[in-house]
Amino acid sequence: MVERSEMPVVVDFWASWCGPCKTMAPIFAEAARELEPRMRFAKLDTEAQQALAGRFGIRSIPTLIVFRGGQEVARQPGLLQGPQLRQWLKPHLLT
C-alpha cells in the first residue's frame, strides 16, 4: 500500500500490550475519518509484523510515519492527542 499509493500514507506502528497505543487508537481513527481522502491511514501491529517494524527502525511505540511516493517524509514517536496529530499531519495532506 505504501509503495503503490500516490497519496500520502500515515502508518501507526502499535502493539496490543502498549497502553499509549490503546489511548491513541481512537484518536488515530477519528483523524482518519476527518482527513481521508486527503491522506490514507494504516496500522501495523509490530508484534505480528516484527520484521517489517524492524525494517522501518521502530524503536518505540506508538510511532507514526508518513510516506509519500513510498519514501518516509516524517516520523513521530509517542502519543499525540487529536489536535497535535492533526497539526503534525497538516503539512503532508494533499491539497
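Its first residue numbered 1, the sequence shown is counted upward by one per residue in my numbering. Each residue gets a CB set at the ideal place from its N, CA and C atoms; glycine is no exception. Values in this document were obtained by computation on a predicted structure and should not be read as measured data.
Counting only residues of its own chain and dropping the five nearest sequence neighbours on each side, Arg59 has a CB closer than 8 Å to the CB of Pro77. Taking C-alpha positions only, Ser5 is separated from Phe28 by approximately 19 Å. Linking Gln81 to Leu89 through their CA atoms gives a straight-line distance of about 12 Å.
By the Cβ rule, the region 24–39 counts as touching the region 9–16, because three or more pairs are nearer than 8 Å.
Annotation note: the region 11–69 contains the following uninterrupted alpha helix (DSSP H) runs of length 4 or greater, listed N- to C-terminal: 19–35, 50–55. Bridge pairing for Arg75: Ile65 [DSSP].
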